[in-house]
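Note sheet for the following structure.
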Amino acid sequence: LFGPQSIAGQEDTVSYEAGIKSDLFDKRARVSFNVFHYDVKNLQLTEVGGGGNSNTLKVAKKATGQGFELNLDAYATPNLLLTASASYNATKIKDPSLVVAGCGGGCTVTNPSNGAGSFFIDGNALPNAPKWIATVTGRYAIPTASGGEWFVYTDWSYRSKVNFFLYESVEFTGKAYTEGGLRIGYLWNDGKYEVAAFA
Numbered sequence: 022l023f024g025p026q027s028i029a030g031q032e033d034t035v036s037y038e039a040g041i042k043s044d045l046f047d048k049r050a051r052v053s054f055n056v057f058h059y060d061v062k063n064l065q066l067t068e069v070g071g072g073g074n075s076n077t078l079k080v081a082k083k084a085t086g087q088g089f090e091l092n093l094d095a096y097a098t099p100n101l102l103l104t105a106s107a108s109y110n111a112t113k114i115k116d117p118s119l120v121v122a123g124c125g126g127g128c129t130v131t132n133p134s135n136g137a138g139s140f141f142i143d144g145n146a147l148p149n150a151p152k153w154i155a156t157v158t159g160r161y162a163i164p165t166a167s168g169g170e171w172f173v174y175t176d177w178s179y180r181s182k183v184n185f186f187l188y189e190s191v192e193f194t195g196k197a198y199t200e201g202g203l204r205i206g207y208l209w210n211d212g213k214y215e216v217a218a219f220a
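In terms of this note's numbering, the sequence shown has 190 at position 169, counting the first letter as 1, and numbering is strictly consecutive.
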């Protein structure tokens, strides 16, 4: 009702992945690692912006992604479990002729303009696709004679910056952030019940 009907052809994706998994230190630790690459033809994307701040279907001739993922779980001691994971994800839109509308007003678009209010996005990363993601956790448990368990748990996560939309702009870029948590509590009845304080 608000414009012409969007029409898109079939997306085609070809992806490759190779990796390893292994138990280490008499099965007190487990590690997995993989590398990947994918190509998508006729990728369907959502354009958000323009004077009417509308959503419009756009089709990129090609997009690519590649990177790696690493995961590690280890009992440093019988009571201390540590985990870590990291991934690198490089995505790219490949379509020299594809343009999208910028924001409806007031933002600073850093992509080249076509001179008619739209911007070329060739080479941009996919929206909401951070290059780096990482998490680390630690859990220390103290069993009790009654069968319960005191524990301390912490988790930390990191994400590099992201673009919120197809175009790049100063105002609509999500800055990198780190988030941490701490939980102290007591479990009993085989983990059925828990009381904890967290921040």
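Ideal Cβ placement from N, Cα and C applies to all residues, glycine included.
task: May I ask which residues mark the beginning and end of the beta strand (DSSP E) holding Gly40?
output: Numbered from 1 along the sequence shown, position 19 holds the residue referred to as residue 40. Note, Gly40: beta strand (DSSP E), 33-45.
field: Within-8 Å CB hit, Lys182 to chain B
entry: Given the protein chain composition of this structure (a single chain), no chain B is represented.
task: Taking Asn110 as part of the beta strand (DSSP E), name the residues at either end of that continuous run.
output: Against the sequence shown, residue 110 aligns to sequence position 89. It spans 101-115 - the beta strand (DSSP E) in which Asn110 sits, taken as one unbroken run.
- prompt: Can you tell me whether Asp116 is buried or exposed, with buried defined as 16 or more other CB within 10 angstroms of its CB?
  reply: As a working note, residue 116 is residue 95 in the sequence shown. Asp116 comes out buried.
- prompt: Thinking C-beta only, is Ser118 closer than 8 Å to Ala225?
  reply: The first residue shown for the chain is 22 and the last is 220, placing residue 225 beyond what the model contains.
field: Same chain only: Cβ atoms within 6 Å of Asp94, ignoring 5 sequence neighbours per side
entry: Translated into positions along the sequence shown, residue 94 becomes position 73. Same-chain partners within the cutoff: Arg51, Thr104.
query: Residues bridged to Phe185 by DSSP?
result: Along the sequence shown, one-based indexing puts residue 185 at 164. The partner list for Phe185 (beta bridge, DSSP) is empty, contrary to what the question assumes.
task: Kindly indicate the opening and closing residues of the beta strand (DSSP E) around Glu200.
output: Looking up residue 200 in the sequence shown gives position 179. Element bounds for Glu200: 198-209.
message: Using 8 Å for Cβ pairs, my map puts Ser36 next to Phe57. What's the rounded Cβ distance?
response: Here residue 36 corresponds to residue number 15 of the sequence shown, with the count starting at 1. Here residue 57 corresponds to residue number 36 of the sequence shown, with the count starting at 1. Contact holds; Cβ gap of about 7 Å.
field: Cross-strand partners of Val56 (DSSP beta bridge)
entry: As a first step, residue 56 must be located in the sequence shown, where it is residue number 35. Under DSSP, Val56 shares a beta bridge with Ala39, Phe89.
field: Three-state secondary structure (DSSP) of Ile154
entry: In the sequence shown, the residue the question calls residue 154 occupies position 133. Ile154: strand per DSSP, three-state reduction.
query: Per DSSP, what kind of secondary structure is Pro164 in: helix, strand or coil?
result: Locating residue 164 in the sequence shown gives position 143, where the first residue counts as 1. DSSP places Pro164 in strand when its eight states are reduced to three.
task: Would you kindly check if the distance between the Cβ of Ile142 and the Cβ of Ile114 is under 8 Å?
output: Position 93 of the sequence shown holds residue 114. Position 121 of the sequence shown holds residue 142. It is a contact, given that the beta carbons lie within the stated cut-off.
- prompt: Cβ-heavy atom distance between Glu90 and the ligand GTP below 7 Å?
  reply: Only the bare structure without any ligand can be found here, which leaves the ligand GTP out of the picture.
- prompt: Does the separation of the CB atoms of Glu189 and Val121 fall below 8 Å?
  reply: For this step, residue 189 is matched to residue 168 along the sequence shown. For this step, residue 121 is matched to residue 100 along the sequence shown. Contact flag unset, no.
- prompt: CA-CA distance, Phe172 and Lys79?
  reply: Within the sequence shown, the letter at position 151 stands for residue 172. Within the sequence shown, the letter at position 58 stands for residue 79. So the alpha carbons of these two residues sit roughly 50 Å apart.
- request: Please list, in chain order, all residues of the same chain as Thr77 whose beta carbon is under 6 Å from its beta carbon, the five residues on each side excluded.
  value: Taking the first residue of the sequence shown as 1, we reach residue 77 at position 56. Cβ neighbours of Thr77 beyond the five flanking positions: Glu68.
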